[in-house]
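Numbering (the UniProt record's numbering), first residue to last: 1 to 412.
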C-alpha cells in the first residue's frame, strides 16, 4: 500500500510540475490533461512494441478502488475544504434556488437524461434496459463540487451566481446518491421498493447527514473555542473529517452532506467566534494545501483511467451525443427554476446561461459508474460516463470563466 501511495504521489507531482512549467492550464484541469497525454503516450509506446511501462501503470491502477477512494475518503476532505470558505449568510439568502436545483433538479435531470440515453443507445444499436439508462441519468445528473469549485476559483462571478452554483454542487450529491442507490437496488433485487422505503432511505441518508454533520461540527467548534493553539485546532478539524466520515458509514448517513454541514459550521461559527488571526491563517493554509493536493491526485487518476476503459469509436460518438444531451437537460432543469424564482425576487442577468454552462460533471460520476455491477451494461455506461465527464471538464471547465465575464450583475 505504501509503495502504491508513493508511486501515485510522485506521478501526480510530476504531472503537476509539467503542467505548471510547460502547459499552463488551471491546476486541476491541467493535471488531468497531462495525465491524459501521459496515458496516450503509454498506449502509443505499446503499439510500437514497448508495452512494459503501460502494463506497469495499469497494474498500479488496478490496485486502486476508485469508487471507495473517492466516495469514502477524498470526497469528505474536498467537500469540507470547499465548505470552509462558503458564507452561511449568503447560502441562506439563496436557499431556494440551491434547494430546488439540488433536489428537484436532480430528479428531473435523472429522468430526462435516462430517456435520452435510452433513445441514443437505440440509435447506435445497443439494447440497454431503461432501468440502466435511468441509472446513468442518476450518476451523471449531479454537478461535481470539486470540478465546479476548481473552475470558479479564478472566475469573476457575482455573489448570487457563485453562491448558487457552489451551494448546489455541494448539496446535490446526497440526492443523486440516494436516487442511484434506489435504482441500483431495483437492478440487484429485481423489485421496486415502496415509496415509504424510498422516503426512509432518503431521510436516513440526507436528513441524517445534516443532523450528524451539525452535531460533530458544533462539537468541534466548541472544542476549538476552548483552546488557543493553532496546532491543536487544525488537528481537531482533521480528526473531524477522518473520524466523522468513518462514523457516517457506520450510521448509514450521507458522509458528503455531513462534511458540508460541518465545514459550514467551522468556516462560519468557528472562524468568526473561536479562532484568532494566526489560527485562521494556518487553518486556511492547511486546508487549501489539502484541497490542492487531493484535487491534483483526483484529476490525475481521472486522466489515467483512460488506460483501463474499453473504448471504441462508437462509444466516442455516443458519448459526444450524450454530452450534448446532458448539457441540454441541465438547461431544462435550470431554466424553469430560475423563471419561477423571478416571480418573487430579482435574479441577475445571465443566471440561466452561467448555471447551465457551470454545471460541470466530474469524479463523482466516474466513481458511481465504477460501482455498477459487472456486465456489458457496466462497460458501456462507464465508457460513456468517462467521455461525458472529460468533455464537461475540458470544454466547460476551461471556458466557464469567459462565460461568467460576459454576464453583468444587473437585473434583467
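For each residue, glycine too, the CB sits at the ideal point set by N, CA and C.
Worksheet entry | Coil, strand or helix - residue 27 by DSSP | Against the chain shown, residue 27 aligns to sequence position 27. Here residue 27 sits in helix by DSSP.
Worksheet item: When the Cβ atoms of the segment 127–146 are set against those of the segment 342–354, are three or more pairs found closer than 8 Å?
Response: At 8 Å Cβ cutoff, the stretches do not touch.
Discussion item. Quick check: the Cα distance between residue 194 and residue 109, rounded to an integer number of angstroms?
Written reply: Reading the chain shown from its first residue, position 194 is the one you call residue 194. Reading the chain shown from its first residue, position 109 is the one you call residue 109. Distance from the CA of residue 194 to the CA of residue 109, rounded to the nearest whole angstrom, comes to 22 Å.
Worksheet item: Is the segment 286–305 in contact with the segment 25–35, if contact means three or more CB pairs nearer than 8 Å?
Response: Put simply, the segment 286–305 touches the segment 25–35. At least three CB pairs are less than 8 Å apart.
Practice prompt. Might you give, ordered along the chain, the residues of its own chain that have their beta carbon closer than 6 Å to the beta carbon of residue 255, omitting 5 neighbours on each side?
Written response: Here residue 255 corresponds to residue number 255 of the chain shown, with the count starting at 1. Hits under 6 Å: 76, 245 and 248.
Fill in: Rounded distance between the beta-carbons of residue 224 and residue 275, thought under 8 Å
One-based indexing of the chain shown puts residue 275 at position 275. One-based indexing of the chain shown puts residue 224 at position 224. Residue 224 and residue 275 do touch by the CB rule: their CB atoms are close to 7 Å apart, below 8 Å.
Discussion item. Using the Cβ count rule (16 or more neighbours within 10 Å means buried), how would you classify residue 343?
Written reply: Indexing the chain shown from 1 puts residue 343 at position 343. With fewer than 16 Cβ atoms within 10 Å of its Cβ, residue 343 is classed as exposed.
Item to complete: Would you check if there are 3 or more beta carbon pairs closer than 8 Å linking the segment 220–239 to the segment 169–188?
Response: Because the criterion of three Cβ pairs below 8 Å is not met, the segment 220–239 and the segment 169–188 do not touch.
Worksheet item: On the premise that residue 182 lies in contact with residue 201, defined as a C-beta separation below 8 Å, what is that separation, rounded to the nearest angstrom?
Response: Taking the first residue of the chain shown as position 1, residue 201 is located at position 201. Taking the first residue of the chain shown as position 1, residue 182 is located at position 182. With a Cβ gap of about 7 Å, residue 201 and residue 182 count as contacting.
Discussion item. Looking at the secondary structure, which residues open and close the alpha helix (DSSP H) in which residue 187 lies?
Written reply: As a working note, residue 187 is residue 187 in the chain shown. Residues 159–189.
Worksheet item: Taking all protein chains shown into account, do 16 or more other C-beta atoms lie within 10 angstroms of the C-beta of residue 97, making it buried, or fewer, making it exposed?
Response: Translated into the one-based positions of the chain shown, residue 97 becomes position 97. By the 10 Å Cβ count, residue 97 comes out buried.
Worksheet item: Taking the C-alpha atoms as reference points, what is the distance between residue 346 and residue 257?
Response: Residue mapping note: residue 346 aligns to position 346 of the chain shown, counting from 1. Residue mapping note: residue 257 aligns to position 257 of the chain shown, counting from 1. Counting only the Cα atoms, residue 257 lies some 29 Å from residue 346.
Worksheet item: Terminal residues of the continuous alpha helix (DSSP H) containing residue 261?
Response: Your numbering for residue 261 matches position 261 in the chain shown. Under the DSSP assignment, residue 261 falls in the alpha helix (DSSP H) whose first and last residues are 255–265.
Discussion item. Taking only three categories from DSSP, how would you classify residue 396?
Written reply: Stepping through the chain shown from its first residue, residue 396 is reached at position 396. Of the three classes helix, strand and coil, the one that applies to residue 396 here is helix, per DSSP.
Worksheet item: CB-CB under 7 Å to residue 159, same chain, minus the five flanking residues each way: which ones, in chain order?
Response: Counting from 1 along the chain shown, the entry for residue 159 is found at position 159. 90, listed in sequence order.
Fill in: Range covered by the alpha helix (DSSP H) that runs through residue 143
On the chain shown, position 143 is the one that residue 143 refers to. Here residue 143 belongs to no alpha helix (DSSP H), and DSSP marks it neither H nor E.
Practice prompt. Would you kindly check if the distance between the Cβ of residue 355 and the Cβ of residue 113 is under 9 Å?
Written response: Position 113 of the chain shown, counting from 1, holds the residue named residue 113. Position 355 of the chain shown, counting from 1, holds the residue named residue 355. Note that the C-beta distance between residue 113 and residue 355 is not below 9 Å.
Worksheet item: Which residues bound the alpha helix (DSSP H) around residue 126?
Response: For the purposes of this step, residue 126 is identified with residue 126 of the chain shown, where counting begins at 1. Counting along the chain, residue 126 falls outside any alpha helix (DSSP H), and DSSP gives it neither H nor E.
Worksheet entry | Exposed unless 16 or more other CB atoms sit within 10 angstroms - verdict on residue 142 | Taking the first residue of the chain shown as position 1, residue 142 is located at position 142. Buried, since its Cβ has 16 or more Cβ neighbours within 10 Å.
Item to complete: Report the three-state DSSP secondary structure of residue 252 (helix, strand or coil).
Response: Counting from 1 along the chain shown, the entry for residue 252 is found at position 252. Correct three-state label for residue 252: coil.
Discussion item. Between the alpha carbons of residue 387 and residue 95, how many angstroms are there, rounded?
Written reply: Residue 387 sits at position 387 when you count from the first residue of the chain shown. Residue 95 sits at position 95 when you count from the first residue of the chain shown. The straight-line gap separating the alpha-carbon atoms of residue 387 and residue 95 is approximately 32 Å.
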